[in-house]
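Everything below concerns the one structure shown next.
Protein chains in written order, with this note's numbering: chain A, 588 to 1026; chain B, 4 to 300.
Take a look at the structure:
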């Protein structure tokens, strides 16, 4: 029996143990911004990366002696691993503002407050939403660097064929138009979808829909998703999915191209109206310049007409990993990319992302494509919102999405009970994360 | 110090002790672990509502896919052991899929089983049958993964084949003299003789089933697509409707996506305990049906 025990223990050990390493300590902040070679990691890849490198060259010209090596195609997993290994870059850019809740309280990204105080950079230069997603519980460890806002893209040719001259402004208009714009082939399969409401398809996540219903996420420090606003949003989404037929949409989606490819369903005319981020303007210019389309703010719930013009905003964040040995030089680059109006305008022109300071939005250097202007106005709208930053990263959004996918497919039918369950689950996650914080 | 001690300490001892320690801490990967006692285990057993569905998915895979893999590998190896011509070619054909990297194999299956454009549904459509939604359906996602697992049984098949070919001929001859037919010989000679190998395949299958991750992760990410440009990482783990959210996928999600490594370590310790418990039960109960040949035959 002892032999059996030993053999089973060894087998179990050999196959199931996962290694987890230890943390690393932070280094002291320097005060001297003399010559140095620094490194910046960015998730951008070409062609966006080329634009960023040009702007970084401008920075180098302004700061002789500081040389920046820009490395593209990175992500948060790599940044975290590098911080733990002590070999993180001096400046890191992330597409996931949700992770501010991890980077700031842990000190993994250095507190930028002292640098901003020293150089007189006031956070009021950023609009409200980007200000929110770059700080956590009073610690600002990141600056916003370009924002993503969401709106409605519509195919002018398809709308004209159906007799429409203007885009929908309310959800009931969107629904009616979506139905009229939908085309099926002789076998009943979807050929053109007026508006595709399928959950998690392309950009269809609750965070992006919520602002059109005035839906919010938290009540104080508790999750508050069981609200009439979210219920209305989800009921509408479900009714439109049911109109198409859930399985029909699954088959349509499986045959539609990848979101970030030339065969994107909106770009190829398979979808007439579409929720998407501002970056699509640049993608269309590059991939399908022949597409006759326009953009507008996303339609709003019929009883929330005053919200028209607003939308969801998130964006890139930029900060200084705690392991940087050239924090002062790194700060100069972060400050340049995060606050210099000309730099932001140049980045925006090249990448077609929204510049993130109030000044840069008015910069004469800004040369937006006509379809891009919509997103500048959405960004500046007083009702535009973002998702709250929490210690649990994107876990709250993903827990919500998990329930939504079941409700919209019909496998869960109790909407209120389900949403109450989601709130309970998120509160438990928050409590579990809070309980683990060092006193 | 002998080399195995070094290897054991570095690759098993240290990670095991560290994981056990971290399971009693809150550890966000970025700051130092903070001792929380049994809080992670309490959360695991009493609060986290995602654990049970993940456990159920994993148990489904162990109860359905693992036995099917063993039967399928055994069936193929018995057929191959009887082949007269082209044995080498058939062995190669059945073994080859085992060489395909899991990610590539999964991508291939997601393509083949694409409900709209995949060759399988296209052929079914020509026959007048509307094919299922495969990886896009909560009912079909796990069976689709099972098909993928069955396709890749080459390694088990080769081990079974070696065992089947190793059954002493005189046992068959004696059975034949006693008037045993093909199925009697299979049941009373082949299976008892190779039963230790079957036990091995079952134990390894169960442990691998408990750790089932790569194929589920890739299939969900590819079939699910995601709003990934701004959110960066795939948010489609478990797609569709958590039907592929296996226990190790949940563990990964907690540890590396939610910065909750202390809790993920507690989950890993539970996985270790369950792997140990199941293996122990299988090995202990195997004496009733596993036949070990006397040494020096």
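Heads up, the beta-carbon is just placed ideally off N, CA and C, and yes, glycines get one too. These figures come from a predicted structure and were not determined experimentally.
| Asked | Found |
| --- | --- |
| Residues that residue 243 of chain B contacts on chain A, provided the C-beta gap is smaller than 9 Å | 837, 992, 996 |
| Nearest residue (CA-CA) to residue 117 of chain B, options B/225, B/153, B/50, B/276 | B/225 |
| CB contact flag (residue 107 of chain B, residue 159 of chain B, <8 Å) | no |
| Beta strand (DSSP E) runs contained entirely in the segment 737-784 of chain A, provided each spans 3 or more residues | 777-782 |
| Range covered by the alpha helix (DSSP H) that runs through residue 939 of chain A | Where residue 939 of chain A is concerned, there is no enclosing alpha helix (DSSP H), given that its DSSP letter is neither H nor E. |
| Spatial distance of residue 58 of chain B from residue 277 of chain B (CA atoms) | 11 Å |
| Residue 788 of chain A at chain E interface by Cβ criterion, 8 Å | Of the chains in the structure shown, none is chain E; the protein chains are A and B. |
| C-beta neighbour in chain A for residue 52 of chain B, strict 8 Å | yes |
| Identity of the residue in A/635, A/1002, A/729, A/756 nearest residue 738 of chain A by Cα | A/756 |
| Contact between the segment 695-713 of chain A and the segment 640-648 of chain A (3+ Cβ pairs under 8 Å) | no |
| Close Cβ partners of residue 660 of chain A (< 6 Å) along its chain, the five nearest in sequence each way excluded | 632 |
| Beta-carbon proximity list for residue 184 of chain B, same chain, < 6 Å, skipping 5 on both sides | none |
| Assigned exposure category for residue 2 of chain B - 16 Cβ within 10 Å defines buried | Outside the shown range of chain B, which is 4 to 300, sits residue 2 of chain B, and nothing can be said about it. |
| 7 Å Cβ shell around residue 833 of chain A - same chain, five flanking residues per side excluded | 996, 997 |
| Coil, strand or helix - residue 903 of chain A by DSSP | strand |
| Separation of residue 156 of chain B from residue 109 of chain B, as counted between CA atoms | 14 Å |
| Cβ separation of residue 933 of chain A and residue 952 of chain A, assumed to be a contact under 8 Å, to the nearest whole Å | 7 Å |
| Residue 105 of chain B at chain A interface by Cβ criterion, 8 Å | no |
| Proximity winner among A/944, A/908, A/912, relative to residue 924 of chain A (alpha-carbon distances) | A/944 |
| For residue 802 of chain A, the residue or residues it bridges with in DSSP | Residue 802 of chain A pairs with nothing; no bridge assigned. |
| Other residues of its chain near residue 230 of chain B: CB distance less than 6 Å, five sequence neighbours each side excluded | Note that residue 230 of chain B scores a pLDDT of 39, beneath 50, so its modelled location is shaky; the value from the coordinates is reported in the next line. Contacts found: none. |
| Euclidean distance between Cα positions of residue 85 of chain B and residue 180 of chain B | 20 Å |
| Straight-line Cα distance separating residue 957 of chain A from residue 781 of chain A | 23 Å |
| Outcome for residue 748 of chain A when other beta-carbon atoms lying within 10 angstroms are tallied against a minimum of 16 | exposed |
| Helix, strand or coil at residue 810 of chain A according to DSSP, with G and I counted as helix | strand |
| 9 Å Cβ cut-off: residues of chain A touching residue 117 of chain B | 841, 842 |
| Exposure label - residue 915 of chain A; buried when at least 16 CB within 10 Å | buried |
| Check whether residue 706 of chain A and residue 626 of chain A have beta carbons under 8 Å apart | no |
| Positions along the segment 864-884 of chain A whose CB lies within less than 8 Å of some CB in chain B | 864, 866 |
| Selection from B/147, B/6, B/98, B/103 that minimises the alpha carbon distance to residue 243 of chain B | B/147 |
| Chain A contact residues for residue 295 of chain B, given Cβ-Cβ distances below 9 Å | Per Cβ cutoff of 9 Å: no residues; residue 295 of chain B is ~13 Å from chain A at best. |
| Cβ pair residue 257 of chain B, residue 250 of chain B closer than 8 Å | no |
| Distance between residue 41 of chain B and residue 1022 of chain A (C-alpha atoms, nearest Å) | 12 Å |
| Residues within the segment 670-687 of chain A neighbouring chain B, beta-carbon criterion of under 9 Å | 670, 671, 681, 682, 683, 684, 685, 686 |
| Same chain, Cβ closer than 7 Å to residue 208 of chain B, neighbours up to 5 away in sequence not counted | 69, 72, 73 |
| Nearest-angstrom Cα separation, counted from residue 835 of chain A out to residue 776 of chain A | 7 Å |
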